[in-house]
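Engineer:
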């Protein structure tokens, strides 16, 4: 762990705490949020489960980060140096391994595709996302650049396959969705793409440049913002889709009507 | 951190603990409180989420305050002196940054304005309140009086804009609300104004006079009372409005009938 200034240390600790607050609040909201018909309740409940799991892991990450550093006072200036306790990266991978496949469950559940079609697409997405996370971890804990690139490349194969399923196979299925929510569904898919891109890019930067203090701060902040976006932000989109579809099916106008780009493939 | 008497230290710790109890209880009440029709459930649920987020932050603030002090026994007398651990002000700002825009969501949701009008007013309020909190923080952590006044002034611009939207733009919209709840809505707006005034005033006093022991105690107690009022108290008003509107729309008399001042502009 690189030595951090007191501002850098505080920044990381504070952003980790904000993740606990945001993800915890999102979890509760998805469990009790009103206006969802039974048909879409599962999708929103799974969003809540994902955020609850992430809240637990952010408590662990926060504690692990804080105890990995010790305050070092020299004269009037305070810095934070490695305490000797390990900062455990596995909490992040454990979290992703459980939650990322569940994010796919949310999406497929809210689409309410015909049973057989939904089952097939979901199976592909769940296996590919779990594989994507699992293949990243051996590289993450290695400090050998060759090993790191090997696992990065292996992990990118299921990642690209997931994007193919989301944008090509699922794209075909989206034409069956009500016009009013297609924009939201497309946005949910794009949020997935953009927020997930952060992880392999951060990994690659770490492999090439290593991590100095600024790098460590940037990667912790980046992971945290990406996680909040991919779980709480994406979950809110799933909630908005579920709520609008519930309303449409009761003959009410949708809450939010979005004009997305054409979705047909 | 100024040295505190044992009574001063206990007073702050106790009031922080009361905030945890009050906000936590309010959160639970808003999640399960009865008599709210589906149309107004979202407003009350968001009140619960706000209080849950604040409860989390008060746990952190309590722990941070207690560990920032060490008991100092000299002869028979006990005082509390700075332990060297940082008392982290960021928890308050993190809390406000997330919750203050959500307080605006509660208000706009309970009014149930026509879709387009509600969306426009909410967007203005959410952006302005987030900006108001974010612009306060750089000044809060500075000890330079010029820097503190600069950020205070910048933060006051969105604050005044929020008051303009609440009292002028929203004032016009209030004429569409049932007579029976106009007094409550006006009260909710005034509670916002009065409780929010505490923050810039406390900040300004700190800038001019610095904080001795009494000042530190007053500011911690003041922030805490303002937070309880602006979240749990205001949330109760939102609950009363939601409940009365739910009853009126079912053809029942409102729970509480308040005679507010004329709201037209």
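Chains as they are written, first to last, in the numbering used here: chain A, 640 to 904; chain B, 640 to 904. Even glycine gets a Cβ: it sits at the ideal position worked out from N, Cα and C. Since we're looking at a predicted model, the values are computed, not measured.
Any residues in the stretch 697–727 of chain B with a beta carbon nearer than 9 Å to a beta carbon of chain A? Which ones, in chain order?
Structural biologist: Correct list: 699, 723, 724, 725 and 727.
Engineer: Where does residue 902(B) sit, in a helix, a strand or coil, going by DSSP?
Structural biologist: In the second chain, residue 902(B) corresponds to position 263, counting from 1. Because residue 902(B) sits at a pLDDT of 49, beneath the cut-off of 50, its placement in the model cannot be relied upon, and the following sentence gives the value as read from the coordinates. Residue 902(B): coil per DSSP, three-state reduction.
Engineer: Give the range of the alpha helix (DSSP H) segment to which residue 767(A) is assigned.
Structural biologist: One-based indexing of the first chain puts residue 767(A) at position 128. Residues 754–779.
Engineer: Using the Cα positions of residue 734(B) and residue 692(B), report the straight-line distance between them to the nearest angstrom.
Structural biologist: As a position in the second chain, residue 734(B) is number 95, starting the count at 1. As a position in the second chain, residue 692(B) is number 53, starting the count at 1. Cα to Cα, residue 734(B) sits roughly 7 Å from residue 692(B).
Engineer: List the residues of chain A whose Cβ lies closer than 9 Å to the Cβ of residue 807(B), in chain order.
Structural biologist: Along the second chain, one-based indexing puts residue 807(B) at 168. Here the premise fails: no neighbours, minimum Cβ distance about 27 Å.
Engineer: How about residue 801(B): is its C-beta nearer than 8 Å to some C-beta of chain A?
Structural biologist: Taking the first residue of the second chain as 1, we reach residue 801(B) at position 162. No, because no Cβ of chain A sits closer than 8 Å to the Cβ of residue 801(B).
Engineer: Does the CB of residue 676(A) have a neighbour CB from chain B at under 8 Å?
Structural biologist: Numbered from 1 along the first chain, position 37 holds the residue referred to as residue 676(A). By this cut-off, residue 676(A) is not an interface position.
Engineer: Determine, using beta-carbon pairs with one atom in the stretch 750–769 of chain B and one in the stretch 699–713 of chain B, whether at least three such pairs fall under 8 Å.
Structural biologist: Cβ pair count under 8 Å is below three, so no.
Engineer: Could you check what DSSP says for residue 829(B) in three-state terms: helix, strand or coil?
Structural biologist: Within the second chain, residue 829(B) is the residue found at index 190, counting from 1. Of the three classes helix, strand and coil, the one that applies to residue 829(B) here is helix, per DSSP.
Engineer: For chain A, find out if any of its Cβ atoms is closer than 8 Å to the Cβ of residue 902(B); answer yes or no.
Structural biologist: The residue given as residue 902(B) occupies position 263 in the second chain. Confidence in residue 902(B) is poor, its pLDDT being 49 and thus under 50, which makes the residue's placement unreliable; the coordinate value appears in the next sentence. It does not; no Cβ of chain A falls within 8 Å.
Engineer: Within 10 Å of its beta-carbon, does residue 664(B) have 16 or more other beta-carbons around it, so buried, or fewer, so exposed?
Structural biologist: What you label residue 664(B) is simply residue 25 of the second chain in a count that begins at 1. Classification of residue 664(B): exposed, given that the 10 Å Cβ count is below 16.
Engineer: Within 8 Å of any Cβ in chain B, is that where the Cβ of residue 668(A) sits?
Structural biologist: Position 29 of the first chain, counted from the first residue, corresponds to residue 668(A). So yes, residue 668(A) belongs to the interface.
Engineer: Could you pull the DSSP bridge partners for residue 719(B) from this structure?
Structural biologist: By one-based count along the second chain, residue 719(B) stands at place 80. Looking at the DSSP assignment, residue 719(B) forms a beta bridge with 643(B) and 710(B).
Engineer: How far does the alpha helix (DSSP H) with residue 745(A) in it reach, from first residue to last?
Structural biologist: On the first chain, residue 745(A) is found 106 positions in, with the first residue counted as 1. Here the alpha helix (DSSP H) through residue 745(A) covers 729–750.
Engineer: For a contact defined as C-beta to C-beta under 8 Å, what are the partners of residue 688(B) on chain A?
Structural biologist: Taking the first residue of the second chain as 1, we reach residue 688(B) at position 49. By Cβ distance, chain A contributes 664, 667 and 668.
Engineer: Which of helix, strand or coil does DSSP assign to residue 814(A)?
Structural biologist: As a working mapping, residue 814(A) is identified with position 175 in the first chain. Residue 814(A) falls in the helix class under three-state DSSP.
Engineer: Taking residue 774(A) and residue 788(A) to be in contact with their CB atoms under 8 Å, please state how far apart those CB atoms are, rounded to whole angstroms.
Structural biologist: Within the first chain, residue 774(A) is the residue found at index 135, counting from 1. Within the first chain, residue 788(A) is the residue found at index 149, counting from 1. Not confirmed; about 12 Å, so no contact.
Engineer: Is there a C-beta anywhere in chain B that falls below 8 Å from the one on residue 656(A)?
Structural biologist: Here residue 656(A) is taken as the residue at index 17 of the first chain, counted from 1. Answer yes: the Cβ-Cβ gap between residue 656(A) and chain B drops below 8 Å somewhere.
Engineer: Starting from the C-beta of residue 686(A), find all residues in its chain whose C-beta is less than 7 Å away, skip the five residues before and the five after it, and write them out in chain order.
Structural biologist: Here the question's residue 686(A) lines up with position 47 in the first chain. Same-chain partners within the cutoff: 669, 745, 874, 877 and 878.
Engineer: May I have the straight-line CA-CA distance separating residue 868(B) from residue 861(B), to the nearest angstrom?
Structural biologist: For the purposes of this step, residue 868(B) is identified with residue 229 of the second chain, where counting begins at 1. For the purposes of this step, residue 861(B) is identified with residue 222 of the second chain, where counting begins at 1. So the alpha carbons of these two residues sit roughly 10 Å apart.
Engineer: I need the straight-line Cα distance from residue 658(A) to residue 872(B), nearest angstrom please.
Structural biologist: Numbered from its first residue, the first chain carries residue 658(A) at position 19. Numbered from its first residue, the second chain carries residue 872(B) at position 233. Computed Cα separation, rounded: 26 Å.
Engineer: So, does the CB of residue 646(B) fall closer than 8 Å to a CB anywhere in chain A?
Structural biologist: Along the second chain, one-based indexing puts residue 646(B) at 7. Not closer than 8 Å to any Cβ of chain A, the Cβ of residue 646(B) fails to qualify, so no.
Engineer: Does residue 861(A) come within less than 8 Å of chain B when only Cβ atoms are used?
Structural biologist: Taking the first chain and counting its residues from 1, the one referred to as residue 861(A) is at position 222. Cβ-Cβ to chain B under 8 Å: no for residue 861(A).
Engineer: Under the three-state reduction of DSSP, which class applies to residue 893(B): helix, strand or coil?
Structural biologist: Numbered from 1 along the second chain, position 254 holds the residue referred to as residue 893(B). Residue 893(B): coil per DSSP, three-state reduction.
Engineer: DSSP state of residue 851(A), grouped into three classes?
Structural biologist: Translated into the one-based positions of the first chain, residue 851(A) becomes position 212. Coil at residue 851(A), not helix or strand.
Engineer: With a CB to CB cut of under 7 Å and the five nearest residues on each side skipped, what residues in its chain are close to residue 694(B)?
Structural biologist: Residue numbering aside, residue 694(B) sits at position 55 when the second chain is read from its first letter. If we look at residue 694(B) and ignore the five residues flanking it on each side, its Cβ neighbours are 659, 662, 663 and 666.
Engineer: So, for residue 722(B): in the same chain, excluding its five sequence neighbours on each side, which residues have a beta-carbon less than 7 Å away from its beta-carbon?
Structural biologist: Stepping through the second chain from its first residue, residue 722(B) is reached at position 83. 706, 707, 708 and 709.
Engineer: Contact criterion: CB-CB distance below 8 Å. Does residue 673(A) meet it with respect to chain B?
Structural biologist: Looking up residue 673(A) in the first chain gives position 34. Interface residue, yes.
Engineer: Is it buried or exposed for residue 755(B), if we count other Cβ within 10 angstroms and need 16 for buried?
Structural biologist: On the second chain, position 116 is the one that residue 755(B) refers to. It is exposed - the Cβ of residue 755(B) has fewer than 16 other Cβ atoms within 10 Å.
Engineer: For a quick check, are the C-beta atoms of residue 793(B) and residue 832(B) less than 8 Å apart?
Structural biologist: The sequence position of residue 793(B) within the second chain is 154, counting from 1. The sequence position of residue 832(B) within the second chain is 193, counting from 1. No. Outside cutoff.
Engineer: Would you say residue 659(B) faces chain A, with C-beta separation under 8 Å as the test?
Structural biologist: On the second chain, position 20 is the one that residue 659(B) refers to. Chain A contact via Cβ: absent.
Engineer: Which residues bound the alpha helix (DSSP H) around residue 874(A)?
Structural biologist: In the first chain, residue 874(A) corresponds to position 235, counting from 1. Start and end: 873–888.
Engineer: Using a Cβ cut-off of 8 Å (strictly closer), state whether residue 872(A) contacts chain B.
Structural biologist: In the first chain, counting from the first residue as 1, residue 872(A) sits at position 233. Residue 872(A) does not count as touching chain B.
Engineer: With burial defined as no fewer than 16 other Cβ atoms inside 10 Å of the residue's Cβ, what is the status of residue 743(B): buried or exposed?
Structural biologist: What you label residue 743(B) is simply residue 104 of the second chain in a count that begins at 1. Buried, because 16 or more other Cβ atoms sit within 10 Å of the Cβ of residue 743(B).
Engineer: Taking the C-alpha atoms as reference points, what is the distance between residue 653(A) and residue 815(B)?
Structural biologist: If you number the first chain from 1, residue 653(A) lands on position 14. If you number the second chain from 1, residue 815(B) lands on position 176. Spanning the two alpha carbons is a distance of roughly 43 Å.
Engineer: Mind checking residue 727(B): buried by the 16 CB within 10 Å criterion, or exposed?
Structural biologist: The count along the second chain starts at 1 and reaches residue 727(B) at position 88. By the 10 Å Cβ count, residue 727(B) comes out buried.
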